[in-house]
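Below: one structure, written as structure tokens.
Residue numbers (my numbering), protein chains in the order written: chain F, 541 to 708; chain W, -16 to 551.
Have a look at this one:
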């Protein structure tokens, strides 16, 4: 079993970077069992190929426009994902859709792809998350951990307040 | 007359809109417009200059490494800080490996689909493709079974309706001219290149600790500890693993990529007549091999009006010839400048957005228009290869001669060096530069190993910030051309910071004198067979390898048709 958790987004465009904030928090505050890699993917696509090619399950964490209130966290999987790519709700998906097609072409299609999406409020230049989205980042991190647990992979907390407060 | 609007240009990083006015089957005017707004300087003001590179490498998902390297160079230039030899060599290896990776991905995965028809490749004969491959080189990946396996895989992929990466291709377009067997050979290398680019990325990962977003840089050197005795540092074992990867890259680049580009260029020799555009070429030297940045393994400089004898070298980091001659105009960009509004030097640069609607004769882009010595200049591998040829750089001359010889043999007619001032020439120059970078990667590897062998383990000099104001420019010959960061530092904090990136030079709009930028100029006179499928526009624009996420910023992209055509 191998799982890659990939945070996507741009850290200098405020809430656009929420996916990266979430994985930085996970890396900082949790220890993961063998077989789990947690990656700060930034806004890259093809550059991630080498790290994703062996993963059986991919979990992406990213800002996603779904029409909800800022900070709304959604979990999309399977048939609902292509719509996410097509609608291009955040600026990275052109490359990401190509990346997934490329994995398939190389006979390394993952068994599952999950998106933990967070509705952004501000995409302006800036390095801080807005309060609603910062709160949602903790919820998104919990969803990642729950998803890993469902796959039989349990992360250990290395900080007492890790599940309630973002440390980035 | 017809107006074609391609928005966004696909298979690039970032959001670019190209407008072309077409008359009589060819382009007579073009506009290049960045559709997102920029401003890294807004984030950096007031920060510690030692941290700037951590933020600048977040500008783009493709060019992370280059924005990190050039940022530490800018601060080092402001402090006149020397960098230990080991740090230069390690940075140079990262830069070379990143460049090789980028050039391979650009040719095979971004540009080739404008010239290679994947659907036609399915009709190719593996035996015929293998025979063509064998006539070009002895590359081991050209065996008939390997090619047949690729054809079968592609047939399954396309047959299942999963066009995916290929969905945006103009298959069957009348301007697609490669015979099925060559299409099949190129498609085979397309798939092999996916594996090969991973190898180049591994080198960056081992030296940079992490990709994307390397972690090992510091103003004053690198954070790599060198100790041949310790397993947790950069050991000889790791260095020899890197050497083995370099050899694998060498086989692919010299025996697959260079012959492919030569053969494609020969079949599309008519494209040596189109796309020259701006033929003032600017590049900078790179691969510093001393601590002060006064000696470089790869030269750079300025060439005026395609005349190689006019070459004037940029000699060292901070060279006033480069530093004092760059300005940026906003006459046609959505910004305003204080004072008379004329072009400003980057140290005095301002970023005040002033959005108007699209105005053909007014403002129409979020990208500023840079000039060198008051002139528009093209940057990129072609500019760099021409500069290196003008400077007498032997490895460059060797690889360029070999590529032109392959192209001439396939075309059955002599293809002269002058043919590179063109759309297809930019693609050829990128392949040449890829091979040159690979040679330099080997050379830098040897320099590092030899220097460690002498007992020099130093990798870092501590920066000290003076009271008062200092300013510095860092430059780097990045995969898409000249990248420069300009930092003004006051009492140890950033006061102003401007990035003049390669795609600013190439994709910028008209300047203060209404002179078109390189994209705009290179599109003029391109043939357009079908305005609804402007493949020719994509060929010329992709030949520059646009990456404009750093030239500009975020888009909120509603889904719209990519090409629209208006007759008037």
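Positions of the beta carbon are idealized from the N, C-alpha and C atoms, including for glycine.
- Around residue 612 of chain F, the same chain offers 659 as residues with beta carbons nearer than 6 Å, after the five sequence neighbours per side are excluded.
- Interface annotation for the region 401 to 428 of chain W against chain F: empty, criterion Cβ-Cβ distance under 7 Å.
- The beta carbon of residue 194 of chain W sits closer than 8 Å to some beta carbon of chain F.
- Under the Cβ distance rule, residue 642 of chain F counts among the residues neighbouring chain W, one pair being separated by less than 8 Å.
- Of the residues assessed, residue 642 of chain F falls on the buried side of the cut-off, its CB having 16 or more other CB atoms within 10 angstroms.
- One thing to note: residue 36 of chain W has its Cβ within 8 Å of the Cβ of residue 200 of chain W.
- Put simply, the backbone Cα of residue 288 of chain W is about 12 Å away from that of residue 366 of chain W.
- Per DSSP, the unbroken beta strand (DSSP E) holding residue 271 of chain W starts and ends at 269 to 271.
- Here residue 36 of chain W carries a helix assignment [DSSP, helix/strand/coil].
- By the Cβ test, the region 237 to 257 of chain W is not in contact with the region 127 to 137 of chain W, since fewer than three Cβ pairs between them sit closer than 8 Å.
- A distance of 8 Å or more separates the beta carbons of residue 464 of chain W and residue 53 of chain W.
- According to the DSSP secondary-structure assignment, residue 0 of chain W is paired through a beta bridge with W/16.
- For residue 605 of chain F, no beta strand (DSSP E) encloses it, and the DSSP letter there is neither H nor E.
- Residue 524 of chain W and residue -15 of chain W have their C-alpha atoms roughly 19 Å apart.
- In this structure, the straight-line span from the alpha carbon of residue 513 of chain W to that of residue 615 of chain F is close to 43 Å.
- Contact check between the region 447 to 455 of chain W and the region 468 to 487 of chain W: three or more CB pairs, one atom from each, fall below 8 Å, which counts as touching.
- When W/90, W/222 and W/188 are compared, the shortest CA-CA separation from residue 241 of chain W is found for W/90.
- DSSP, read as helix, strand or coil, puts residue 428 of chain W in helix.
- The beta-bridge partner set that DSSP reports for residue 703 of chain F is empty.
- Proximity to residue 111 of chain W across W/101, W/99 and W/125 peaks at W/125, based on C-alpha coordinates.
- Between residue 551 of chain F and chain W, the shortest Cβ-Cβ separation is below 8 Å.
- Scanning chain F for C-beta atoms nearer than 8 Å to the C-beta of residue 185 of chain W yields 590, reported in chain order.
- Nearest CB-CB separation between residue 612 of chain F and chain W: not below the 8 Å threshold.
- Rounded to the nearest whole angstrom, the CA to CA distance from residue 328 of chain W to residue 585 of chain F is 34 Å.
- In its chain, beyond the 5 residues on either side, 573 and 576 have a beta carbon closer than 6 Å to the beta carbon of residue 693 of chain F.
- Where residue 138 of chain W is concerned, the enclosing alpha helix (DSSP H) starts and stops at 127 to 142.
- In summary, the residues of the region 11 to 28 of chain W whose CB is separated from some CB of chain F by less than 8 Å are 22, 23, 25 and 26, in the order they occur in the chain.
- The C-beta of residue 541 of chain F has fewer than 16 other C-beta atoms within 10 Å across all chains shown, which makes the residue exposed.
- Excluding the 5 residues flanking it on each side, residue 526 of chain W has same chain C-beta neighbours closer than 7 Å at 94, 258, 406, 409 and 410, in chain order.
- Among the residues of the region 74 to 88 of chain W, those with a Cβ less than 7 Å away from any Cβ of chain F are 88, in the order of the chain.
- Residue 313 of chain W is not bridged by DSSP to any residue.
- If you draw a straight line from the Cα of residue 703 of chain F to the Cα of residue 271 of chain W, it is about 47 Å long.
- With contacts defined by Cβ atoms closer than 8 Å, residue 559 of chain F and residue 548 of chain F form a contacting pair.
- The three-state reading of DSSP puts residue 233 of chain W in helix, counting H, G and I together.
- An exposed status is given to residue 292 of chain W, since fewer than 16 other beta-carbon atoms sit within 10 Å of its beta-carbon.
- The Cβ atoms of residue 17 of chain W and residue 348 of chain W sit closer than 8 Å to each other.
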